[in-house]
Every structure is written in C-alpha cells, then in structure tokens.
Amino acid sequence: MEQQIQRALQDASAMTDFLKELEPFVYRVCYHLTGHQHDAEDLAQDSLMKVCRNLHTYRGDCAIQSWVYRIILNTQRDAVRKKKNVTMVELSETASTSEGFENQVNMKMLIQKLLGELTGVDRQIFILRFVQDLPLKEVASLLEMKEATVKTRLFRLRDRLRGHL
Numbered sequence: 001m002e003q004q005i006q007r008a009l010q011d012a013s014a015m016t017d018f019l020k021e022l023e024p025f026v027y028r029v030c031y032h033l034t035g036h037q038h039d040a041e042d043l044a045q046d047s048l049m050k051v052c053r054n055l056h057t058y059r060g061d062c063a064i065q066s067w068v069y070r071i072i073l074n075t076q077r078d079a080v081r082k083k084k085n086v087t088m089v090e091l092s093e094t095a096s097t098s099e100g101f102e103n104q105v106n107m108k109m110l111i112q113k114l115l116g117e118l119t120g121v122d123r124q125i126f127i128l129r130f131v132q133d134l135p136l137k138e139v140a141s142l143l144e145m146k147e148a149t150v151k152t153r154l155f156r157l158r159d160r161l162r163g164h165l
C-alpha cells in the first residue's frame, strides 16, 4: 500500500487508480453516515477530493482506511455545520408477500428512524462500531474521544434502542 501511495503522489494516473480503488469504501461509509444516496455521493466526492489534496500529509502511522475515515468524518461534520439541518430518507413500505418480509421492512424503518433521532456523535459511534465493525479503541481514536466515553455512549445507545425495539 505504501508503494501505491508513493506512486499516486508522483503520477496522476496512479492517483486516479488509487482513488478508484478507495471509492467503494468511501461511498459505503458516507452512505451509512448520511442514510441518503445523494448526500452520500456528495460527501464521498468531497472526501475523495480531500484525500487527493492531502495524501502527501499521510504519515503512515495508522492504516490508510483509518486516515480516510478521519477525512470522511471531518468532511461530514463540516457539511452538517453548513446545513444545520440533516434529514433522513424514510424507507417506503412496499407491498409485502409475507409477514416475515413486512416485519423486516418495519424493523428497518424503525431502526432508521431511531438512527435519525441520534445526535451526530452518537450516530457516528453507532455506525463506526456496529456497521463498520471497528474496535472500540479505533472508534475512540477516530472521534478523538476517550475509550471509556465511547463505551458509556454505546451502553446508553443500546439501552435506548432496546427500549424502542
């Protein structure tokens, strides 16, 4: 990976290849953070531009994915500050052919609604820990919080979600 980064810094086509390789990962993280396709595309594009512009500052003291996570989170925070009002896309109920499918859709809608009610930091903690499956230590590092604070917030989040479910 280090060689690929060095090539990307020296050659425009290598940078394009590097960004194309990162793009699915970046979009997936952005989609989980925003919950909306268009917002995720905008956030992913802004994040990839920042990766491109700031790749020379990557020191290699952490995994490239962790470094990119940090860029995505900071870019999302900037976007939220600009918007001041982030909305969630509601899942539309579709005609179901079985009760199992209907229950799944209802559960997804409820979870998405509950995630929409979370504050920015709680939402980020939830997504990084449970959707991206990052260890607590890395979540704490990415969000620049103490590990104990992340654990406490996760405990409270689980209780709140358990109460609704």
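As numbered in full-length UniProt numbering, residues 1 to 165 make up the sequence shown, in order. Note that CB positions come from ideal geometry on N, CA and C, so glycine has one too. Values in this document were obtained by computation on a predicted structure and should not be read as measured data.
Gln142 versus Asp39, Ser13, Cys62, Met15, residue with shortest Cα-Cα distance = The identity of residue 142 in the sequence shown is Leu, whereas the question assumes Gln. Among Asp39, Ser13, Cys62, Met15, the Cα nearest to that of Leu142 belongs to Cys62.
Fill in: Residues of its chain near Arg123, where Cβ-Cβ distance is below 8 Å and the 5 sequence neighbours each way are ignored
Leu33, Leu115
Exercise for review: Check each candidate in Met107, Arg81, Asp39, Gln45 and name the one with the smallest Cα separation from Leu19.
Suggested key: Gln45
Practice prompt. Give the C-beta separation of Leu48 and Glu23 to the nearest angstrom, bearing in mind that I take them to be a contact with Cβ-Cβ under 8 Å.
Written response: 7 Å
inquiry  = Cutting at 7 Å between CB atoms, please list the residues of its own chain near Ala30, excluding the five before and the five after it.
reply    = Per the sequence shown, residue 30 should be read as Cys rather than Ala. In its chain, beyond the 5 residues on either side, Ala40, Leu43, Ala44, Ser47, Ile72 have a beta carbon closer than 7 Å to the beta carbon of Cys30.
* Can you grab the Cα-Cα spacing for the pair Ser66 / Val121, in whole Å? => 17 Å
Coarse secondary structure for Pro135, derived from DSSP in three states = coil
Can you round the beta-carbon distance between Val150 and Ile125 to whole angstroms, since I take them to be within the 8 Å contact cut? 6 Å
Specify, as a first and last residue, the run of the alpha helix (DSSP H) that Lys50 falls within.
Run containing Lys50: 37-54, per the alpha helix (DSSP H) assignment.
Open item on the list: Taking the straight line between their C-alpha atoms, what separation do you get for Phe25 and Met1?
Closed with: 15 Å
How would you label Ala148, buried or exposed, when you count the other beta carbons within 10 angstroms and need 16 or more for buried?
exposed
Rounded straight-line distance, which links the Cα of Lys113 to that of Gln3: 43 Å
Enumerate in chain order the residues of its own chain whose CB-to-CB distance from Arg160 is below 8 Å, with the five nearest sequence positions on each side excluded. Leu114
Exercise. Note down, in chain order, each residue of its chain lying with its Cβ closer than 7 Å to the Cβ of Val139, except the 5 sequence neighbours on either side.
Key: The answer, listed in chain order, is Ile125, Leu128, Arg129, Val150.
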